[in-house]
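A.B. asks: Mind having a look at this structure? Questions to follow.
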Amino acid sequence: MAVPPSTHPRRLLPLFLGLFQGTLLLFFALFVTYDEPSAQAEDTSLVANQVYSTFPFFQDIQVMLVVGLGLLLTFLPRYGFSALTHIFLLLNFSMQWALVLQGLLHHFHQGQIHLDLHKLLLSVFAAVTVLISVGAILGRASPCQLLIMATCEIPLYLATEWVIVTCLGVQDVGGTITIHVFSCYFGLGVSKTLFRATQQPLHPKETPTTSSDLMSLVGTLILWVFWPSFVAVLCQPGDAQHRAILNTLLAMSASAITTVVASSLLDRDGKLSPGHLQNGSLAGGVAIGVLADMAVPPAASLALGSLSAVLCVLGFRFLTPSWALHLCMGPGHSA
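Right, here's the structure in full:
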């Protein structure tokens with residue numbers, strides 16, 4: 001009996017994901033392994049120190065992405081469940097895909113890829129680019145389209161990161177350029193290519209409600225709290241990591257206060273805009289990432305956080321209507 005055409009799209013997602021996971025299972029079985037357990041006490045201590053120093057940051061980042069970014073993207077009132085589900089799916093899909101590509105490009109030795117916590121962390125950073133870019137097409141793309149976008153974006157991110165960090169020697173511990181700027185413009189490019197947006201009035205389903213704005217603000221607060229871990233995790237333990245945490249906290253504190261000031265001044269009645277708070281409060285964390293581990297004066301961190309918040313709020317207020325696009329509603333929008 002023939003299957004009705006309308007049921008075909010519903011089967012694309014499980015078919016695509018099933019083939020992907022089955023292929024990766026075979027790849028991991030053949031080529032991926034752990035490092036051999038060391039009998040040397042100093043090597044064992046080194047591994048233990050890596051776990052104790054890295055895993056708490058790693059857990060903070062996981063909470064940021066799954067809970068914080070997931071809730072931030074629930075600003076569309078009828079897309080909350082899908083936003084959370086798609087973020088969770090894309091994180092796992094992109095992380096595994098990045099593990100394979102990074103392993104083949106940088107860590108393939110003697111026919112094996114040796115997996116450790118640092119490599120897993122780098123794959124999560126690659127997945128972040130997809131999670132930011134998805135804000136540009138949120139609510140307008142099917143899960144299969146999002147997965148195809150992730151499949152294409154991860155290798156482009158790895159190539160971009162290699163050019164910026166390895167070839168040009170740019171220091172970007174917090175991913176300001178390699179992650180946020182890249183993913184923001186990638187998402188905008190995908191949105192423009194797929195939908196050819198024209199100047200149109202806002203659709204009623206795109207208008208946030210009080211409850212959706214509240215959930216999105218909760219996501220913003222979670223991102224704000226854990227952001228220093230995201231910036232500092234790849235810094236050298238010690239002074240550099242300490243400076244990264246301090247600079248990030250100062251920049252984000254300044255951006256939070258400046259966002260309230262700018263949002264209030266832009267409204268005739270002095271009211272605060274949830275959209276401004278959801279984006280401007282995070283702008284300092286995005287901007288400081290490129291120099292977070294450097295010995296900059298505390299005043300510079302405060303100034304950068306304030307300036308980035310002003311630019312973000314002004315961009316949200318004036319550029320969003322003129323572009324008629326869903327700008328990256330999340331960390332990428334602050335870029």
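Residue 308 in full-length UniProt numbering sits at position 308 of the sequence shown, with consecutive numbering throughout.
Quick reminder that beta carbons are idealized off the backbone N, C-alpha and C, glycines included.
These numbers were taken from a predicted model, which means no experiment stands behind them.
(1) At the level of alpha carbons, what is the spacing between Tyr157 and Thr178?
(2) Just curious, the beta strand (DSSP E) that Leu115 is in, first and last residue?
(3) So what's His180 in DSSP terms, helix, strand or just coil?
(4) Which residue wins for smallest C-alpha separation from Met149, given the options Ser273, Ser53, Leu115, Ile132?
(5) If I follow the unbroken alpha helix (DSSP H) through Thr259, where does it start and stop?
(6) Are Ser301 and Leu250 touching if we call contact CB-CB under 8 Å?
(7) From the beta carbon of Gly103, is the nearest beta carbon of chain D less than 8 Å away?
(8) Quick one: using the 10 Å Cβ neighbour count with 16 as the cut-off for buried, is Pro14 buried or exposed?
(9) Among the candidates Phe27, Ala240, Leu272, Leu277, whose CA atom is the shortest distance from the CA of Ser255?
(10) Going by the CB atoms, is the gap between Ser263 and Phe75 shorter than 8 Å?
(11) What did DSSP end up calling His109 once you bin it into helix, strand or coil?
(12) Can you tell me the Cβ-Cβ gap for Gly305 and Ala287, rounded? I've got them flagged as a contact below 8 Å.
(13) Within a Cβ cutoff of 8 Å, which residues of the same chain sit near Ile87, ignoring the five residues on either side of it in sequence?
(14) In the DSSP assignment, what residue or residues form a beta bridge with residue 376?
(15) Between the alpha carbons of Ser142 and Ser191, how many angstroms are there, rounded?
(16) Give the secondary structure of Val173 by DSSP, where H, G and I count as helix, E and B as strand, and everything else as coil.
(17) Expressed to the nearest angstrom, what Euclidean distance is found between the alpha-carbon atoms of Gln199 and Gly187?
(18) Say the cut is 7 Å; is the CB of Pro237 nearer than that to a heavy atom of the ligand ADP?
(19) Taking the beta strand (DSSP E) that Val32 falls in, what are its first and last residues?
(20) If you draw a straight line from the alpha carbon of Ala48 to that of Ile113, how long is it in whole angstroms?
(21) Please name the residue in Leu26, His106, Thr129 whose C-alpha comes closest to that of His180.
(22) Going along the chain, which residues of its own chain have a beta-carbon closer than 6 Å to the beta-carbon of Trp97, five neighbours each way excluded?
(23) On the CB-based measure, 16 or more other CB atoms within 10 Å of its CB, does Ser212 come out buried or exposed?
(24) Am I right that Phe93 and Leu26 are in contact with their C-beta atoms under 8 Å? What's the rounded C-beta distance?
(25) Keeping to the same chain, check which residues put their C-beta closer than 6 Å to that of Cys312; ignore five residues upstream and five downstream.
(26) Using only alpha-carbon positions, find the residue among Phe81, Gly80, Leu24 that is nearest to Leu101.
(27) Is it true that the CB of Leu117 sits closer than 8 Å to the CB of Ile160?
(28) Using a threshold of 8 Å, state whether the C-beta atoms of Phe31 and Gly111 are closer than that.
(29) Can you list, in chain order, the residues of its chain with a C-beta nearer than 7 Å to that of Phe182? Leave out the 5 residues immediately preceding and following it.
C.D. replies: Looking at the coordinates:
(1) Taking the sequence shown and counting its residues from 1, one reaches residue 157 at position 157. Taking the sequence shown and counting its residues from 1, one reaches residue 178 at position 178. Distance between Tyr157 and Thr178, taken at the CA atoms: about 7 Å.
(2) Residue 115 sits at position 115 when you count from the first residue of the sequence shown. Looking at the DSSP string, the run of the beta strand (DSSP E) that includes Leu115 is 112-115.
(3) Residue mapping note: residue 180 aligns to position 180 of the sequence shown, counting from 1. His180 falls in the helix class under three-state DSSP.
(4) For the purposes of this step, residue 149 is taken as the residue at position 149 of the sequence shown. Ranking the options by Cα distance to Met149, first place goes to Ile132.
(5) Position 259 of the sequence shown, counted from the start, is the residue given in the question as residue 259. Note, Thr259: alpha helix (DSSP H), 239-266.
(6) Residue 301 sits at position 301 when you count from the first residue of the sequence shown. Residue 250 sits at position 250 when you count from the first residue of the sequence shown. In this structure, the beta-carbon distance from Ser301 to Leu250 falls below 8 Å.
(7) Structure shown: chain D not included; a single protein chain is present.
(8) As a working mapping, residue 14 is identified with position 14 in the sequence shown. The residue in question, Pro14, is exposed, as its Cβ has fewer than 16 Cβ neighbours within 10 Å.
(9) Position 255 of the sequence shown, counted from the first residue, corresponds to residue 255. Nearest to Ser255 by alpha-carbon distance, out of Phe27, Ala240, Leu272, Leu277, is Leu277.
(10) Taking the sequence shown and counting its residues from 1, one reaches residue 75 at position 75. Taking the sequence shown and counting its residues from 1, one reaches residue 263 at position 263. Against a cut-off of 8 Å, the Cβ pair of Ser263 and Phe75 comes out as no contact.
(11) Taking the sequence shown and counting its residues from 1, one reaches residue 109 at position 109. In this structure, His109 counts as strand in the three-state DSSP scheme.
(12) Counted from its first residue, the sequence shown places residue 305 at position 305. Counted from its first residue, the sequence shown places residue 287 at position 287. In this structure, Gly305 and Ala287 form a Cβ contact; the two beta carbons are roughly 7 Å apart against a cut-off of 8 Å.
(13) Position 87 of the sequence shown, counted from the first residue, corresponds to residue 87. The beta carbon of Ile87 lies closer than 8 Å to those of Leu65, Val66, Leu69, Gly70, Leu73, Leu131, Val134 in the same chain, with the five residues before and after it left out.
(14) This structure gives no information on residue 376, because the portion of the chain shown stretches from 1 to 335.
(15) Mapped onto the sequence shown, residue 142 falls at position 142. Mapped onto the sequence shown, residue 191 falls at position 191. Near 13 Å, if we compare the C-alpha coordinates of Ser191 and Ser142.
(16) Here residue 173 corresponds to residue number 173 of the sequence shown, with the count starting at 1. DSSP places Val173 in the coil class of the three-state scheme, outside both helix and strand.
(17) By one-based count along the sequence shown, residue 199 stands at place 199. By one-based count along the sequence shown, residue 187 stands at place 187. Low per-residue confidence applies at Gln199: pLDDT is 49, beneath 50, and the placement is therefore not dependable, though the value from the model is reported in the following sentence. Spanning the two alpha carbons is a distance of roughly 18 Å.
(18) By its list of ligands, the structure shown contains no ligand whatsoever, and the ligand ADP lies outside what it can speak to.
(19) In the sequence shown, the residue the question calls residue 32 occupies position 32. Element bounds for Val32: 32-34.
(20) As a working note, residue 48 is residue 48 in the sequence shown. As a working note, residue 113 is residue 113 in the sequence shown. About 21 Å.
(21) Translated into positions along the sequence shown, residue 180 becomes position 180. Ranking Leu26, His106, Thr129 by Cα distance to His180 puts Thr129 first.
(22) In the sequence shown, the residue the question calls residue 97 occupies position 97. Here Trp97 has Ile154 as same chain residues with Cβ atoms under 6 Å from its own Cβ, once five neighbours each way along the sequence are excluded.
(23) Translated into positions along the sequence shown, residue 212 becomes position 212. Counting of Cβ neighbours within 10 angstroms places Ser212 among the buried residues, the total reaching 16 or more.
(24) As a working mapping, residue 93 is identified with position 93 in the sequence shown. As a working mapping, residue 26 is identified with position 26 in the sequence shown. That belief does not hold up - the Cβ atoms of Phe93 and Leu26 are roughly 17 Å apart, past 8 Å.
(25) Here residue 312 refers to the residue found at position 312 when the sequence shown is read from its first residue. Only Asn279, Gly280, Ala283, Ser334 meet the Cβ criterion.
(26) Counting from 1 along the sequence shown, the entry for residue 101 is found at position 101. Taking only the C-alpha atoms, the option nearest Leu101 is Leu24.
(27) Within the sequence shown, the letter at position 160 stands for residue 160. Within the sequence shown, the letter at position 117 stands for residue 117. With the sequence shown as reference, residue 160 is identified as Thr, and Ile is not the correct amino acid for it. Their beta carbons are not under 8 Å apart, which means Thr160 does not touch Leu117 by this criterion.
(28) To locate residue 31, count along the sequence shown from 1; it is residue 31. To locate residue 111, count along the sequence shown from 1; it is residue 111. A contact, by the Cβ cut-off of 8 Å.
(29) Taking the first residue of the sequence shown as position 1, residue 182 is located at position 182. These residues qualify, in order along the chain: Thr129, Tyr157, Thr160.
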